[in-house]
Amino acid sequence: MSQRTWVPSPYGTIGPFFLKPLVDGCDDLTQWNGKKARGQQIVLTGRVVEEGNAPVLNSIVELWQADAGGVFPHPLDPRAAEADPGFFGWGRARTDREGRFQFRTILPGGSREENGVARCPHINVMVLAIGVTRRLVTTAFFSDTPESVDDPALNCVPANARSRLFAVRDAALDSGATPVYRFDIVLRGDHETPFFLD
Amino acid sequence: MASHPAKSTAPLEYAPYDDATQSLRQIPRYPRSFTRNPSQPLIRRPLTLSERTGPADLARRLPVDRMDLSRPDAGTARVAGQLIHVAGRVLDEDGAPLAGAMIELWQANASGKYIHEMDRHEAPVDPNFTGWGRLVTGAEGEYEFITIKPGAYPVGESDWWWRPPHIHFSIFGVSWMQRYVTQMFFPGEALNETDLLYNGVPDPEARQRITFQLQPTKVGIPNLLRYRQDFVMRGKRATPAVD
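Protein chains in written order, with the working numbering: chain W, 48 to 245; chain X, 544 to 786.
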């Protein structure tokens with residue numbers, strides 16, 4: 048009889064004291080290896096709020112995304128050799144008193160599975176915070192026509208909540224020539240962000 | 544520049560965590576856990592390249608040579624406190640070592656104080672103690688840090704309690720699905736009994752997986768009290784669970 052002996056270790060909350068040196072300098076994804084990332088630079092910003100629309104100060108948001116060509120710089124991606132050498136794909140930021148985080152990154156390209164299934168351009172997002180005992184994972188999608196997006200992850204989300212997973216271009220916030228996209232993360236409450244099973 | 548072992552290969556599939564072996568999402572008397580966790584069910588989705596990949600080159604992106612917190616710089620004095628050695632391995636669900644995983648660690652100093660603007664505990668700061676470390680696991684998934692045993696400290700406002708000594712860990716395995724964060728506790732601490740977060744993991748066996756094991760004291764480095772614990776990351780499961 049076989050028995051599984053290696054059980055994943057239990058998760059724990061990040062708590063209030065994730066130290067500054069672990070976060071500083073991780074919010075700019077537009078350069079790597081001394082090279083500038085290809086593609087359209089954007090600012091991705093938003094607020095993390097809890098029940099009652101109250102801002103979550105001091106939470107940690109991490110991103111993982113494909114480059115402008117939709118390639119992941121990782122050995123599992125069959126197109127990894129084409130990955131942009133100026134793009135690292137991962138970032139981390141802390142939220143301020145208004146619950147706000149901000150990254151500089153590039154607009155991801157749509158990726159494609161080996162079986163041909165296409166993913167809508169998107170950024171993987173995770174949130175860690177006091178009270179979040181297991182990371183919360185969601186996805187920010189980018190499209191000018193959200194209602195026509197056909198994406199295997201988005202298609203699993205109840206139709207009435209899908210719009211909450213789209214980062215919204217907010218021209219009022221544009222910083223110079225760099226377009227700003229807003230992606231608010233509602234941990235609980237009205238207009239709660241859909242989160243994926245981890 | 545230090546060379547790092549080739550990173551272990553990323554698996555293609557990941558089973559969801561078994562809730563029975565994990566922390567509760569909502570922990571009684573821990574108010575933030577009720578206002579910060581979704582009310583709607585988590586959504587199951589197919590995993591694609593996007594989730595099955597992850598940052599592969601973190602050892603080049605972030606400084607990873609910070610394994611000795613007891614003397615952050617060669618010139619500084621040793622930090623105050625009980626010197627400890629914490630070590631173990633990072634494994635997957637088949638017990639296979641994860642080479643090239645990045646581990647970050649952060650903790651309070653010996654008097655229970657963090658170097659963080661949010662820490663209002665009136666306990667002394669140790670100017671030599673930065674309180675964080677970062678390294679990459681070796682070819683057998685092994686890690687080791689030299690640090691000091693952190694102190695306990697009070698938390699909460701109206702309904703406060705004391706946190707037992709604990710060390711925070713953040714681990715990047717081979718993919719976005721293997722991103723893991725926890726707190727590791729010390730064996731035999733009376734405050735473990737009343738800690739909301741430790742007991743937020745209801746299964747006593749699971750709690751043992753986030754508790755260091757004290758190692759024999761007559762072997763190893765004489766001035767370091769040694770603790771061990773392995774971390775098991777989700778992913779791969781050649782041997783199915785018995786129902």
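Ideal Cβ placement from N, Cα and C applies to all residues, glycine included.
Is there a Cβ from chain W that is less than 8 angstroms from the Cβ of residue 653 of chain X?
-> Position 110 of the second sequence holds residue 653 of chain X. False, the Cβ-Cβ gap to chain W never drops below 8 angstroms.
Looking only at DSSP bridge pairs, what is residue 147 of chain W linked to?
-> Position 100 of the first sequence, counted from the first residue, corresponds to residue 147 of chain W. Paired residues: W:94.
Are any of the Cβ atoms in chain W nearer than 8 angstroms to that of residue 705 of chain X?
-> Looking up residue 705 of chain X in the second sequence gives position 162. The beta carbon of residue 705 of chain X sits no closer than 8 angstroms to any beta carbon of chain W.
Beta carbon proximity, residue 212 of chain W to chain X, threshold 8 angstroms | Against the first sequence, residue 212 of chain W aligns to sequence position 165. No, residue 212 of chain W lies away from the interface with chain X (no Cβ there is under 8 angstroms from its Cβ).
Is it buried or exposed for residue 59 of chain W, if we count other Cβ within 10 angstroms and need 16 for buried?
-> Working through the first sequence from its first residue, we reach residue 59 of chain W at position 12. Residue 59 of chain W comes out buried.
Minimum Cβ-Cβ distance from residue 734 of chain X to chain W less than 8 angstroms = On the second sequence, position 191 is the one that residue 734 of chain X refers to. No, because no Cβ of chain W sits closer than 8 angstroms to the Cβ of residue 734 of chain X.
If the cut is a Cβ gap below 8 angstroms, which residues of chain W does residue 752 of chain X touch?
-> For the purposes of this step, residue 752 of chain X is taken as the residue at position 209 of the second sequence. 54, 56 and 57, listed in chain order.
Going by DSSP, what residues sit across from residue 171 of chain W in a beta bridge?
-> On the first sequence, position 124 is the one that residue 171 of chain W refers to. DSSP output for residue 171 of chain W lists W:111 and W:186 as bridge partner(s).
Could you tell me how far apart the beta carbons of residue 655 of chain X and residue 630 of chain X are, in whole angstroms, since I believe they sit closer than 8 angstroms?
-> Along the second sequence, read from residue 1 onward, the residue named residue 655 of chain X stands at position 112. Along the second sequence, read from residue 1 onward, the residue named residue 630 of chain X stands at position 87. With a Cβ gap of about 23 angstroms, residue 655 of chain X and residue 630 of chain X do not count as contacting.
Between residue 115 of chain W and chain X, is there a C-beta pair that is closer than 8 angstroms?
-> Looking up residue 115 of chain W in the first sequence gives position 68. Not closer than 8 angstroms to any Cβ of chain X, the Cβ of residue 115 of chain W fails to qualify, so no.
Straight-line CA distance for residue 772 of chain X to residue 554 of chain X?
-> Looking up residue 772 of chain X in the second sequence gives position 229. Looking up residue 554 of chain X in the second sequence gives position 11. Distance between the alpha carbons of residue 772 of chain X and residue 554 of chain X: 23 angstroms.
Comparing the C-beta of residue 242 of chain W with each C-beta of chain X, is any distance below 8 angstroms?
-> As a working mapping, residue 242 of chain W is identified with position 195 in the first sequence. True, the Cβ-Cβ gap to chain X drops below 8 angstroms.
Give the interface partners of residue 124 of chain W over in chain X, defined as CB-CB distance under 8 angstroms, in chain order.
-> As a first step, residue 124 of chain W must be located in the first sequence, where it is residue number 77. Within chain X, the residues 592 and 596 have their CB atoms less than 8 angstroms from the CB of residue 124 of chain W, given in chain order.
is_contact[residue 544 of chain X, chain W] using C-beta, thresh 8 angstroms | Locating residue 544 of chain X in the second sequence gives position 1, where the first residue counts as 1. For residue 544 of chain X, the pLDDT reaches just 41, beneath the cut-off of 50, and the residue's location in the model is therefore unreliable, leaving the point undetermined.
List the residues of chain X whose Cβ lies closer than 8 angstroms to the Cβ of residue 169 of chain W, in chain order.
-> Here the question's residue 169 of chain W lines up with position 122 in the first sequence. Simply 593.
Under the three-state reduction of DSSP, which class applies to residue 129 of chain W: helix, strand or coil?
-> As a first step, residue 129 of chain W must be located in the first sequence, where it is residue number 82. Helix.
Can you check whether the CB of residue 689 of chain X is closer than 8 angstroms to the CB of residue 611 of chain X?
-> Position 68 of the second sequence, counted from the start, is the residue given in the question as residue 611 of chain X. Position 146 of the second sequence, counted from the start, is the residue given in the question as residue 689 of chain X. Contact flag set, yes.
Under 9 angstroms Cβ-Cβ, which residues of chain X neighbour residue 76 of chain W?
-> Locating residue 76 of chain W in the first sequence gives position 29, counting from the first residue. Residues of chain X passing the Cβ test: none, with the nearest at roughly 10 angstroms.
Between the CA atoms of residue 52 of chain W and residue 784 of chain X - distance to the nearest angstrom | The count along the second sequence starts at 1 and reaches residue 784 of chain X at position 241. The count along the first sequence starts at 1 and reaches residue 52 of chain W at position 5. Caution applies to residue 784 of chain X, whose pLDDT of 49 falls short of 50 and renders its modelled position unreliable; the model cannot decide the point.
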